[in-house]
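K.L.:
Sharing a structure, written as structure tokens. Questions coming.
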Amino acid sequence: MCGEFIELDLPARDSLAFSIDHIIPLSKGGDDIFSNVRATHYSCNSRRGNRE
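Residue numbers (the working numbering): 291 to 342.
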């Protein structure tokens, strides 16, 4: 989302750790499929919240 490098070896709750973001959130009818997910930082995903 931000375009910066994602470090795969950081602890899960580290702000720069790898996280999976659903492009269309599951709560808004999105599916848990490859075409609806992308890699993000934990902090970027948390900031985005439930928005499309």
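We put the CB at the ideal spot given by N, CA and C, even for glycine. Just so it is clear, the structure is predicted and the values come from calculations on it, not from any experiment.
Could you pull the DSSP bridge partners for Arg328 from this structure?
P.N.:
Asp311
K.L.:
Check the DSSP bridge columns for Ser297 and list the partner residues they point to.
P.N.:
First, the residue type needs correcting, since residue 297 is Glu and not Ser in the sequence shown. Glu297 is bridged to Ala307.
K.L.:
Using alpha carbons as the reference points, say which of Asn340, Arg338, His331 and Arg341 lies closest to Glu294.
P.N.:
His331
K.L.:
Whose C-beta lies closer than 8 angstroms to the C-beta of Asn340 among residues of the same chain, with five residues either side of it excluded?
P.N.:
For Asn340, the CB contacts under 8 angstroms within the same chain, skipping 5 residues up- and downstream, are Pro315, Ser317 and Lys318 in chain order.
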